[in-house]
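Novice: Residue numbers (our numbering), protein chains in the order written: chain A, 8 to 677; chain B, 8 to 677. C-beta: ideal position from N, C-alpha, C; glycine also. None of these values were measured; they are calculated from a predicted model. Encoded as structure tokens, here's the structure I'll be asking about.
Below you can see the structure in the form of structure tokens.
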């Protein structure tokens, strides 16, 4: 079980029991603990704002001419930025300017001066290429992250206005979008988090959690399978506070959607259990958009899809309507959001103060979730294993850790893509998160790996103390790789519990046996790839590589044998064989390349002395990349072909993943 | 442009023009051509069967008691095999035995003794975990690939009956399934191929292409996004001869589908443009299943989903109904399929003989498609580039190659996931493959990368001479990685044209900039990963790595600089700088690791002499794995973090992907 921190983690776990492996257990006390920095609390968004008097002005509507000036301003901001950058997409911001205006100016509740105020409404631009829409809105609303100079450096090095929305660059942007379909799935995660927290913490006399999740998605998002997966779950869970705007503009990059997208989206969403509203004139039908939002809010047991038919690039404004002409009026009109936002937050803070007085215990848990400050000493809950502990598959050990952590970490929740009983991810003291039991913490994702990953990104980015985990067979990371990459990029800190991590799964055969997957995640930035070999490695974060047994002296073994996960046992056995023949053998566990890379040169030298070039690694996966560890004179034993269907023991033997092979390779090098 | 062969290819192509790069062009004649074996014709499924008299008995129906004996036999074969293997899934074979029986015994047209007879009906078990259903049916039908001893070695090492259906192991299995959702998408590709070929080659007096594609999919497949993507396209394309059975058994691994899958599948498929039929009693409603198939065949402009409600594991038969008791009757009943199949093929062969006489030119093209024997001299159509050729982005050069090949390869077809004008994949002499123009060869996949890959797998496996290619931005291989992996595993020979292959795409930022992707495909088995640097590298298959310039003698350069793709130009520039300072510098292009690995030790030594440890590689991606090429004393320049949004030149500079960095690294090593 990896420690919850900002780093997204992939845990690769075996399905095999490790009945005879004692090499590791004989030296538990020598396992170096992770450095303190790894234990740091994820307090990424700490907010401290003064309490102000509550002011409620959000329901006021604005005269139409000002609305149109505002909408045209949004369009101009987008056009100007795209022209200046000579790069980017003005079409969506222009077509969606009306709904953007209505959302940010009339509907949404937020505080521009504290983009992380907990009870804000969330907005996701799933059609991320239209990011100038969001930057223009954040700018008008008064967010410090998007000032005029930021708009001018759109898509430039070091700017706060990159080519797609990135939460880690631009406060006010909730999630990272661009790869199509991810955003709407993130929005499902955000709405799930709201529903879950509301059910857990709201009281009849004090509903401190009460906000909406809005998302704009286009035809591209609609075509992506991930969107269907996530929206099917949103319907299943009855996420009534999720309101999606489908920008139905009939255009994708290759031309009219007629060439590839003629399905009835309405009918499909009806099938998925959503409420559907069609705004036929999205270009100027402002009241229709307003009415649709009102109707959507009234439907509490279903998410709503508002199909807004727009003309892409509608309203290419002439200079007479430009921002430079009307900017002053528009800015003045929008300027109320700063004091209003402060009031909203102050009002909420006062409400929370009341809550805290009356519901002390719940308030403490809730504060941990919204601050990301984990309860003191939480890590002591992790089990420790000794020589007497029964050997077991690491996925079972992982379940012990998950269940231990769930007791002390109020924000830990998650589940599996229909493999909970194989991945061992059920939290035994909780029920299922479902439409009518949203307070529970076991999430049933169904066979929807990609949607699962992106939903977890949304959960993680909802509140710093929410720590989502999700699980499937390691090979099916291929289905969700785009979402995992975004976890890593956007610093979501999702824990991926990936079991059945090699040919060791046996009879299911090559479609189910990962080969290149360890290498592929070791090559991915910001991912902590862990392949633990036993209970203690599963429970903790270690230095990546460390010596599990050694009969040499003076840091000069004849040979170093290196293993990970299930194959560490094989390395240990080979070591015993070689020692019987009088060799000085060091056996090293290499649970994480990334953590090892972070250690001091002295530590690395103490584990892998440069003078010892006789090194053999063994891992039931691709040897790609192992030259780095074993050196050009060493030997990497692995599998550079696809697997096969047979009992695991037979495949290990046929593929040469054996102690004999390690011994033979070592002797060649000696 | 990679050569069409059995190997699945990923081409990583730049979006950048290469205006100033002349290093490569100065030595075009020294580029070693690929070995002859790479040019071999893909004649993977050559069939030669005697012509027999036509017999038509398929419409006969069988008395119900015999049908039930047959169905129970299928169930028993599955149960027995699973029990013997102590592994596998008997539930689906039991529940789906009735539809399986009706398809293979009453409906489908095939020849058991020639599983590759061109005009056979195709069957795909998308719910591949239920493979014992298919093995039992192939066994009863008389396929030589699944004899009694094969059933007894279910899921054992070296058997023809692996844990999931694998086309490369078991003749009679059309595609490789198991990872859920892939099979139904493959089936869409198979049905596309039939519709395309029928439109191109059928004549009013001789319809030589006329077969159906049947698929069984379960709840798991239905939840996967890839299935929705592919089925949306099937509806869009009006694939009337695609008939899907949805085994609606309300159970997935984690329990009742109520916990995660409550959408209305019927409504969704109605939205996708399918015809829907519900067979309420799939357990014993044999006539309802038969009527549904008849109705489905009558609907010619839409694919049909037959929802068959079954009870998983229905009819757990007692020994009184077992195969050992009724096997003899059942075998006798099924035995007619061998002569009938031979007759069907003979009848078709006679028809084709007529066709060949009358339509000589079409017949020649068609034969190339069904045999996989490419027209002689086809490779001469590829463009050759000289010093005078204008420099250009490799994606543009790729388009020239694709268009040149389309003229000589009748089976080349494909397209992009809504990025045709960016990926440069349009075949200019053809129109779009659409519902009413299925004879055309540009396929518009929409923003559905995962479905696209799996559909291409289906196209490739329909006929040996069909060579599908597909395209998107390289980073979005993450969306389709599961399908690419199956291309590689099942030997489909799909060509993946992946453009915008680095931070070089600039302003779109880190969500769109591949970093770890080259490494991740180099680690994947059976994939030929090519990163060409110019026209000739794009046009051909080379030895993987070769010297593009060298001022050393005696195979003893001071330093070796290694580049790929867009960065080869940087390596060449650095080489020029160092030579000005009197160094003996070799510059090497490393277009493909896999091809380099295949070369002789002597060739490798001639390119990368072991004695020269001063080696610097440069590639705008993860350095993971490069230790293998540069050695432990060399230096790999690359990017081990995510990218950023800015103009490309700026990002290259900020990340140190520059000639200066190469020169500095080289000097450190000298």
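Roughly how many angstroms separate the alpha carbons of residue 314 of chain B and residue 298 of chain B, rounded to a whole number?
Specialist: Cα to Cα, residue 314 of chain B sits roughly 13 Å from residue 298 of chain B.
Novice: I want to verify the contact list: residues of chain A whose CB lies under 7 Å from the CB of residue 522 of chain B, in sequence order.
Specialist: The answer, in chain order, is 532.
Novice: Since residue 385 of chain A meets chain E, which of its residues come closer than 7 Å, beta carbon to beta carbon?
Specialist: This model lacks chain E altogether, as its protein chains are A and B.
Novice: Determine whether the Cβ of residue 296 of chain A lies closer than 8 Å to any Cβ atom of chain B.
Specialist: It does not: the Cβ of residue 296 of chain A has no partner Cβ on chain B nearer than 8 Å.
Novice: With a threshold of 8 Å, are at least 3 pairs of Cβ atoms found where one atom belongs to the region 234–246 of chain A and the other to the region 243–263 of chain B?
Specialist: The region 234–246 of chain A, when compared against the region 243–263 of chain B, does not touch it at the 8 Å Cβ threshold.
Novice: Compile a chain-ordered list of the residues in the region 508–522 of chain B whose CB is closer than 9 Å to at least one CB of chain A.
Specialist: Of all residues in the region 508–522 of chain B, 513, 514, 515, 516, 517, 518, 519, 522 have a Cβ within less than 9 Å of some Cβ in chain A.
Novice: Ignoring anything shorter than 3 residues, give me the beta strand (DSSP E) runs that lie fully in the region 491–575 of chain B, in order along the chain.
Specialist: Listed in chain order, they are 502–506, 534–537, 552–557, 566–570.
Novice: Taking residue 467 of chain A as the reference, give the member of A/524, A/480, A/203, A/587 with the closest Cα.
Specialist: Selected option, being the one with the closest Cα: A/203.
Novice: Relative to chain A, which residues along the region 143–174 of chain B have a C-beta separation below 8 Å, given in chain order?
Specialist: For the region 143–174 of chain B, which is checked against every Cβ of chain A, the residues closer than 8 Å are 162, 163, 164, 165, 166, 169, 170, 171, 173.
Novice: With 16 as the cutoff for other CB atoms within 10 Å, does residue 36 of chain B come out buried or exposed?
Specialist: With a pLDDT of 30 at residue 36 of chain B, under the threshold of 50, the modelled position of this residue cannot be trusted, and the question is left open.
Novice: Under 8 Å by Cβ, that's how I've got residue 402 of chain B and residue 430 of chain B pegged, so tell me the actual separation to the nearest angstrom.
Specialist: Yes, they are in contact, since the Cβ atoms of residue 402 of chain B and residue 430 of chain B sit about 6 Å apart, within 8 Å.
Novice: Spell out whether any CB of chain A is found under 8 Å from the CB atom of residue 272 of chain B.
Specialist: Yes - at least one Cβ of chain A is within 8 Å of the one on residue 272 of chain B.
Novice: Among A/178, A/193, A/621, which residue has its Cα nearest to the Cα of residue 678 of chain A?
Specialist: Past the boundaries of the shown model lies residue 678 of chain A; chain A is included only from 8 to 677, so the question cannot be answered.
Novice: Secondary structure at residue 396 of chain B, three-state DSSP: helix, strand or coil?
Specialist: The answer is coil: DSSP assigns residue 396 of chain B none of H, G, I, E or B.
Novice: Select from the region 427–438 of chain B all residues with a C-beta closer than 8 Å to any C-beta belonging to chain A, and list them in chain order.
Specialist: Going along the region 427–438 of chain B in chain order, one finds 427, 428, 429 with a Cβ nearer than 8 Å to chain A.
Novice: For residue 676 of chain A, which option in A/660, A/642, A/662 has the closest C-alpha, if you only look at C-alpha atoms?
Specialist: Considering only alpha carbons, the answer is A/642.
Novice: Which residues does DSSP pair with residue 477 of chain B in a beta bridge?
Specialist: BP columns for residue 477 of chain B point to B/422, B/503.
Novice: Grab me the residues of residue 459 of chain B's own chain with a C-beta within less than 6 Å of its C-beta, minus the 5 sequence neighbours each way, in chain order.
Specialist: If we look at residue 459 of chain B and ignore the five residues flanking it on each side, its Cβ neighbours are 424, 452, 477.
Novice: Output needed for residue 521 of chain B: all residues of its chain with C-beta closer than 7 Å, excluding positions within five of it in sequence on either side, in chain order.
Specialist: Answer for residue 521 of chain B: 481, 482, 508, 509, 628, listed in chain order.
Novice: From the DSSP output, read off the bridge partner residues of residue 450 of chain B.
Specialist: Answer is B/422, B/440, bridged to residue 450 of chain B.
Novice: Just to confirm the assignment, what range does the beta strand (DSSP E) spanning residue 297 of chain B have?
Specialist: Element bounds for residue 297 of chain B: not the beta strand (DSSP E) but the alpha helix (DSSP H), 293–305.
Novice: Say whether chain B places a C-beta atom closer than 8 Å to the C-beta of residue 51 of chain A.
Specialist: In this prediction, residue 51 of chain A scores a pLDDT of 36, lower than 50, which makes its location untrustworthy; the coordinate-derived value is nonetheless stated afterwards. No, its Cβ sits nowhere closer than 8 Å to a Cβ of chain B.
Novice: At the 8 Å Cβ level, is residue 538 of chain A part of the contact set with chain B, yes or no?
Specialist: False, the Cβ-Cβ gap to chain B never drops below 8 Å.
Novice: In this structure, does DSSP put residue 282 of chain B in helix, strand or coil?
Specialist: Residue 282 of chain B: strand per DSSP, three-state reduction.
Novice: So, does the CB of residue 187 of chain A fall closer than 8 Å to a CB anywhere in chain B?
Specialist: Output row for residue 187 of chain A: interface = yes.
Novice: Looking at residue 232 of chain B: is its Cβ nearer than 8 Å to the Cβ of residue 457 of chain B?
Specialist: Yes; because the gap between Cβ atoms is below 8 Å, this pair is in contact.
Novice: Mark residue 172 of chain A as exposed unless 16 or more other C-beta atoms lie within 10 angstroms of its C-beta, in which case mark it buried.
Specialist: Residue 172 of chain A comes out buried.
Novice: Give the straight-line distance between the Cα atoms of residue 559 of chain A and residue 593 of chain A, rounded to the nearest whole angstrom.
Specialist: Roughly 7 Å separates the two Cα atoms.
Novice: Is the beta carbon of residue 606 of chain B less than 8 Å from the beta carbon of residue 561 of chain B?
Specialist: The answer is no: Cβ separation not under 8 Å.
Novice: With distances taken from CA atoms, which of B/95, B/648, B/535, B/84 is nearest residue 515 of chain A?
Specialist: When only C-alpha atoms are compared, the closest one is B/95.
Novice: Between the alpha carbons of residue 663 of chain B and residue 596 of chain A, how many angstroms are there, rounded?
Specialist: Their Cα atoms are separated by approximately 34 Å.
Novice: Less than 8 Å between CB atoms is the rule here; does residue 98 of chain A satisfy it with respect to chain B?
Specialist: Taking Cβ atoms only, chain B never reaches closer than 8 Å to residue 98 of chain A, which makes this a no.
Novice: With 16 other CB atoms within 10 Å as the buried threshold, where does residue 50 of chain B fall?
Specialist: Note that residue 50 of chain B scores 36 on pLDDT, short of 50, meaning its location in the model is unreliable and no value can be drawn from it.
Novice: Hey, could you find the ends of the alpha helix (DSSP H) residue 195 of chain A is sitting in?
Specialist: Unbroken alpha helix (DSSP H) run through residue 195 of chain A: 189–208.
Novice: Assuming residue 213 of chain B and residue 362 of chain B make a contact with CB atoms under 8 Å, what is their CB distance in whole Å?
Specialist: Residue 213 of chain B to residue 362 of chain B, Cβ: 5 Å. Contact.
Novice: When the Cα atoms are used, what is the spatial distance from residue 439 of chain B to residue 447 of chain B?
Specialist: Cα to Cα, the separation comes out at about 5 Å.
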